[in-house]
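Those protein sequences? They're chains S and X, same order as listed. In terms of the UniProt record's numbering, the first sequence has 161 at position 161, counting the first letter as 1, and numbering is strictly consecutive. In terms of the UniProt record's numbering, the second sequence has 69 at position 69, counting the first letter as 1, and numbering is strictly consecutive. Some notes on the structure that comes next.
There are 2 protein chains.
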Amino acid sequence: MRIGELSKATDVPVPTIKYYLREGLLPAGELSSPNQASYGETHVRRLRLIRALIELAQVPVAKVKEILESLDSDTEPLHEQIGRAHRALTPTRRLAASDDARTAATAQVTELIANRGWSVHPEAPALATLIDTIAALRSLGQDNLVTHLDTYAESVERFTNLEIDAVTANPTRDQLAESVVIGTILGETLIASLRLLAQESISAERWKNR
Amino acid sequence: MRIGELSKATDVPVPTIKYYLREGLLPAGELSSPNQASYGETHVRRLRLIRALIELAQVPVAKVKEILESLDSDTEPLHEQIGRAHRALTPTRRLAASDDARTAATAQVTELIANRGWSVHPEAPALATLIDTIAALRSLGQDNLVTHLDTYAESVERFTNLEIDAVTANPTRDQLAESVVIGTILGETLIASLRLLAQESISAERWKNR
DNA sequence: GCTTATGGATACTGATACTATCCATCACAG
DNA sequence: CTGTGATGGATAGTATCAGTATCCATAAGC
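In structure tokens:
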């Protein structure tokens with residue numbers, strides 16, 4: 001397959017494919033002569049993955065690169081690979097919440113984690129985001145949304161178990177790693193969409209005339 | 001309160017506040033003389049909301065503006081305001097999935113919506129994203145994640161109900177609208193963080209040595 | 001009166017994700 | 001075997017976004 005055909009097969013413009021090659025997201029094709037390379041099914045698959053991560057999950061190119069490198073290295077332990085996927089999904093910038101708001105939120109989250117019996121690395125990126133979000137909701141006067149955190153967590157845990165069940169079906173470690181990473185990232189998009197659809201119909205039902 | 005104090009109160013640099021004023025995210029302060037304005041508690045609150053949407057929920061400035069304008073207008077119906085929040089959360093660009101993959105995904109989603117008894121506008125932004133995501137997961141060989149869509153949807157519906165319960169506590173329409181919008185957007189960040197934490201501990205438990 | 005802060009306007013910056021152009025091959029149709 | 005178009009590789013240019021920086025005339029506060 002030449003680059004033009006790869007482009008047609010995936011609906012990605014040739015210059016964009018070249019850009020991904022330059023950035024190291026996509027491995028180079030096999031060179032038959034200095035300016036002739038051939039691409040295979042792996043390239044089609046990889047390109048589809050890249051586009052899904054970028055377009056659907058809004059993952060920045062630099063993080064896509066990291067994730068793919070991590071998937072390609074079969075020496076990296078699974079939890080490290082998961083960590084990369086998590087970092088790709090959490091914003092890097094931190095919100096400056098007031099100190100007491102942050103300590104209160106931290107306490108609530110610590111309690112939540114203990115209640116649920118979770119074991120979470122204290123440096124987990126999602127932890128900081130969760131704390132900031134709770135602090136922000138509180139400071140915006142949306143305490144109602146935060147008081148039932150445990151119940152949300154229970155619900156969330158339920159379908160996270162389902163997701164992990166689905167992914168565990170894959171036998172080999174490589175397939176497992178790929179499933180986990182794709183599942184983590186595109187799973188978020190999936191859940192978010194479902195949530196919005198549910199919200200739309202429930203809210204329409206409830207506040208017909210407001 | 002002068003701009004410097006507003007800046008200290010919210011930890012947002014003065015030039016950034018000026019930028020938000022320029023962009024119309026933040027209403028101008030009350031002018032006592034041509035170059036002296038005073039800001040109040042509403043500005044502090046508004047600024048906190050802006051930062052939370054931008055930093056935590058990664059909503060682009062232009063959409064934050066839309067949302068705030070919509071919240072400020074008390075003539076716009078609630079469902080329209082919710083619609084804006086939804087549009088702020090769904091990517092604008094569309095992924096080009098192959099036609100048959102898309103029709104298959106569309107069929108599955110249509111069935112899902114019927115099963116759940118949801119009523120969803122056919123132009124709902126989340127609908128397109130859901131369809132694209134399913135098509136992408138399929139084309140990436142992650143069918144396992146898609147076969148139990150109904151079960152995920154049930155779980156998601158459950159906590160969406162909880163969220164809406166929490167928000168409904170607010171009596172006036174203005175408060176309700178604000179809660180719904182903030183809840184929709186920051187709620188997503190909240191749920192996403194919980195999901196990642198749950199995933200971390202469940203996966204660590206399950207694949208201790210892979 | 002002197003320093004600092006302010007409102008308002010305009011200009012500049014850095015990051016991100018592409019696009020465009022160029023050029024020396026290379027493939028292949030006629 | 002020659003002309004047309006695609007290709008690989010390199011370099012440069014572009015659009016958008018989210019701020020930062022600078023300037024200036026004026027105002028506040030010691």
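Ideal Cβ positions, reconstructed from N, Cα and C, are used throughout, including at glycine. The structure displayed is predicted, hence computed values, not measured ones.
Open item on the list: For the structure I just gave you, are there three or more beta carbon pairs, one from the region 119-131 of chain X and one from the region 134-154 of chain S, closer than 8 Å?
Closed with: Judged by Cβ distances under 8 Å, the region 119-131 of chain X makes no contact with the region 134-154 of chain S, as fewer than three pairs qualify.
Open item on the list: For a minimum of 3 consecutive residues, which ranges assigned as the beta strand (DSSP E) are wholly contained in the region 24-83 of chain S?
Closed with: 30-33, 36-38
TODO: Excluding the 5 residues preceding and the 5 following residue 115 of chain X in the sequence, name in chain order all residues of the same chain whose CB lies nearer than 7 Å to its CB.
DONE: 150
Open item on the list: Just to check my reading of the structure: residue 57 of chain X and residue 86 of chain X have Cβ atoms closer than 8 Å, yes? What is that Cβ distance to the nearest angstrom?
Closed with: Taking 8 Å as the upper bound for CB-CB distance, residue 57 of chain X and residue 86 of chain X are not in contact here, some 13 Å apart.
Open item on the list: Could you compute how far the alpha carbon of residue 168 of chain S sits from the alpha carbon of residue 45 of chain S?
Closed with: 21 Å
Open item on the list: Considering just the uninterrupted stretch of the alpha helix (DSSP H) at residue 109 of chain X, what are its terminal residues?
Closed with: Per DSSP, the continuous alpha helix (DSSP H) segment holding residue 109 of chain X begins and ends at 99-116.
Task: Residue-level contact to chain X via CB, residue 183 of chain S, 9 Å cutoff - done: yes
Open item on the list: Quick test of your reading: residue 108 of chain X and residue 184 of chain S, contact by CB under 8 Å. State the CB separation rounded to the nearest angstrom.
Closed with: That belief does not hold up - the Cβ atoms of residue 108 of chain X and residue 184 of chain S are roughly 22 Å apart, past 8 Å.
- [ ] Thinking residue 26 of chain S and residue 50 of chain S are a contact (beta carbons under 8 Å), I'd like their distance in whole angstroms, please.
- [x] 7 Å
Open item on the list: Please classify residue 173 of chain X as buried or exposed, where buried requires at least 16 neighbouring CB atoms within 10 angstroms.
Closed with: exposed
- [ ] Label residue 28 of chain S either buried or exposed according to how many other C-beta atoms from any shown protein chain fall within 10 Å of its C-beta, with 16 as the threshold for buried.
- [x] exposed
TODO: For residue 43 of chain X, return the contacting residues in chain S, with the cut-off set at a CB-CB distance below 8 Å.
DONE: Within 8 Å of the CB of residue 43 of chain X, no CB atom of chain S is found; the nearest one sits about 14 Å away.
Task: Neighbouring residues, chain S, relative to residue 217 of chain X (Cβ below 7 Å) - done: The structure shown does not extend to residue 217 of chain X, since chain X is modelled only from 1 through 210, so no value can be given for it.
Open item on the list: Since residue 81 of chain S and residue 181 of chain S should fall inside the 8 Å C-beta cutoff, what is the C-beta to C-beta distance between them, to a whole number of angstroms?
Closed with: 6 Å
- [ ] Could you tell me the distance, in whole angstroms, from the CA atom of residue 83 of chain X to the CA atom of residue 77 of chain X?
- [x] Using only the alpha carbons, I get a separation of about 10 Å.
TODO: Inspect the beta-carbon positions of residue 69 of chain S and residue 24 of chain S and report whether they are closer than 9 Å.
DONE: yes
Open item on the list: So with CB distances below 7 Å, who are the chain X contacts of residue 157 of chain S?
Closed with: 198
TODO: Give the interface partners of residue 20 of chain S over in chain X, defined as CB-CB distance under 8 Å, in chain order.
DONE: The premise fails here: residue 20 of chain S is roughly 15 Å from chain X at the closest Cβ pair, so nothing lies under 8 Å.
TODO: Output yes if chain S places a C-beta closer than 9 Å to the C-beta of residue 194 of chain X; else output no.
DONE: yes
Open item on the list: Give me the subset of the region 80-98 of chain X whose CB atoms are less than 8 Å from a CB atom of chain S, sorted by chain position.
Closed with: 82, 86, 89, 90, 91, 93, 94, 95, 96
TODO: Would you tell me roughly how many angstroms separate the C-alpha atoms of residue 73 of chain X and residue 54 of chain X, rounded to the nearest one?
DONE: 21 Å
Task: Inter-residue Cα distance where the pair is residue 123 of chain S and residue 89 of chain S - done: 15 Å
- [ ] Can you tell me which of the three DSSP states residue 199 of chain X falls into?
- [x] helix
Open item on the list: Please report the straight-line C-alpha distance between residue 129 of chain X and residue 94 of chain X, rounded to a whole angstrom.
Closed with: 8 Å
TODO: Determine, using beta carbons only, whether residue 179 of chain X and residue 6 of chain S come nearer to each other than 9 Å.
DONE: no
Task: Rounded Cβ spacing between residue 155 of chain S and residue 159 of chain X (contact assumed at less than 8 Å) - done: 4 Å
- [ ] Quick one: grab the DSSP three-state call for residue 132 of chain X.
- [x] Helix.
Task: residue 17 of chain S versus residue 4 of chain S: straight-line alpha-carbon distance, rounded - done: 10 Å
Task: Where the alpha helix (DSSP H) through residue 157 of chain X begins and ends - done: Residue 157 of chain X -> alpha helix (DSSP H) spans 149-168.
Task: Separation of residue 21 of chain X from residue 247 of chain X, as counted between CA atoms - done: Missing from the structure shown is residue 247 of chain X; chain X here goes from 1 to 210 and no further.
TODO: Give the single residue among X/1, X/191, X/92, X/75 whose Cα lies nearest to the Cα of residue 162 of chain X.
DONE: The shortest Cα separation from residue 162 of chain X among X/1, X/191, X/92, X/75 belongs to X/191.
Task: chain S within 9 Å of residue 105 of chain X, Cβ atoms only - done: no
Task: First through last residue of the alpha helix (DSSP H) which encompasses residue 7 of chain X - done: Per DSSP, the unbroken alpha helix (DSSP H) holding residue 7 of chain X starts and ends at 3-10.
Task: residue 14 of chain X burial status per 10 Å Cβ neighbour count (16 or more: buried) - done: By the 10 Å Cβ count, residue 14 of chain X comes out exposed.
Task: Buried versus exposed call for residue 111 of chain X [16 or more other C-beta atoms within 10 Å across all chains shown] - done: exposed
Open item on the list: If we define contact as Cβ-Cβ less than 9 Å, is residue 201 of chain S a contact residue for chain X?
Closed with: yes
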